[in-house]
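Protein sequences appear in the order of chains A and B. Sequential numbering of the first sequence, starting at 1, is according to UniProt numbering. Sequential numbering of the second sequence, starting at 1, is according to UniProt numbering. Each remark here refers to the structure printed beneath this line.
Protein chains: 2
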Amino acid sequence: MIKVTAKFFVNQNKIDQFIQLSKELIENTRKENGCIKYELFEDTTKNTVFSIIEEWENTQALDAHFNSKHFTEIIPQLELTVTQKIEVNIYKQII
Amino acid sequence: MIKVTAKFFVNQNKIDQFIQLSKELIENTRKENGCIKYELFEDTTKNTVFSIIEEWENTQALDAHFNSKHFTEIIPQLELTVTQKIEVNIYKQII
Numbered sequence: 001m002i003k004v005t006a007k008f009f010v011n012q013n014k015i016d017q018f019i020q021l022s023k024e025l026i027e028n029t030r031k032e033n034g035c036i037k038y039e040l041f042e043d044t045t046k047n048t049v050f051s052i053i054e055e056w057e058n059t060q061a062l063d064a065h066f067n068s069k070h071f072t073e074i075i076p077q078l079e080l081t082v083t084q085k086i087e088v089n090i091y092k093q094i095i
Numbered sequence: 001m002i003k004v005t006a007k008f009f010v011n012q013n014k015i016d017q018f019i020q021l022s023k024e025l026i027e028n029t030r031k032e033n034g035c036i037k038y039e040l041f042e043d044t045t046k047n048t049v050f051s052i053i054e055e056w057e058n059t060q061a062l063d064a065h066f067n068s069k070h071f072t073e074i075i076p077q078l079e080l081t082v083t084q085k086i087e088v089n090i091y092k093q094i095i
């Protein structure tokens, strides 16, 4: 299982747009092969900080995701709503 | 459900110590009431970056965790193994 976190620092004035775009990305992504979990979280103390936390069966499924139509179309739009670079970490579980 | 991510930037020379301490913290934490998930992940491209990704039933369980003996004893030791402040985010799921 591959775990991915993507952390977004969203412009205070673009939160609704960010959530709308994320919703579209999530709905499409959850239909993909090998997608175990793909969920959006909001920080409970900093309302401009969000994370998409994902689980994928394997790297092939994750690579296919990165090349999917919805991902390649929506991510550039999401990048217009943030105040700094999206922080992506791709993890493997060790304990 | 409360989701927590704690991201660690570990000193290259203290990775084994970090993992050993994390193991002890995780074993004790998984016994706690309301602990759904408490897992350690290593970044697949940056071997000094780790995250503990957690799920808790509610804030009471998480608060009890923050005050537990093992947490209060082990976290200060973990802080000696990192090169910058531990990045903690407490999240609620929105999609």
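Glycine included, C-beta positions come from ideal geometry on N, C-alpha and C. Since the model is a prediction, treat every value here as computed from it, not as a measurement.
For N89 of chain B, the beta-bridge partners assigned by DSSP are B:T5. Considering only beta carbons, the part of the region 29–47 of chain A lying closer than 7 Å to chain B consists of E39, L40, F41, E42, D43, T44, T45, in chain order. When DSSP reads this structure, D43 of chain B sits in a beta bridge with A:Y91.
Within chain B, not a single residue places a beta-carbon under 8 Å from that of N11 of chain A; the smallest gap is close to 17 Å.
For N58 of chain A, there are no C-beta contacts with chain B under 9 Å, since the nearest C-beta of that chain is about 12 Å from it. The three-state reading of DSSP puts S68 of chain A in coil, since its state is none of H, G, I, E or B. Residue pairing by DSSP puts K37 of chain B in a beta bridge opposite B:E55.
Within chain B, the residues placing a beta-carbon under 7 Å from that of N89 of chain A are D43, V49, S51, ordered along the chain.
Against chain A, the beta carbon of S22 of chain B has neighbours under 8 Å at I95, listed in chain order. With 16 or more other Cβ atoms inside 10 Å of its own Cβ, L78 of chain B counts as buried. Under the three-pair Cβ rule at 8 Å, the region 63–74 of chain A does not count as touching the region 11–23 of chain B. The C-beta of I86 of chain A comes no closer than 9 Å to any C-beta of chain B. Flagged as an interface residue toward chain B: I19 of chain A, by a C-beta distance shorter than 9 Å. Its chain contains I26, T29, R30, E54 as the residues whose beta carbon lies nearer than 6 Å to that of Y38 of chain B, once the 5 sequence neighbours on both sides are disregarded; these appear in chain order. Within the DSSP bridge table, the entry for F50 of chain B names B:F8, B:E42 as partners. Following the DSSP letters along the chain, one finds L80 of chain A in no alpha helix (DSSP H), marked with neither H nor E. Residues of chain B with a Cβ closer than 9 Å to the Cβ of I74 of chain A do not exist, since the nearest Cβ in that chain sits about 13 Å away. At a cut-off of 9 Å between beta carbons, T5 of chain B contacts chain A. Taking 9 Å as the cut-off, the Cβ atoms of I86 of chain A and K7 of chain A count as close.
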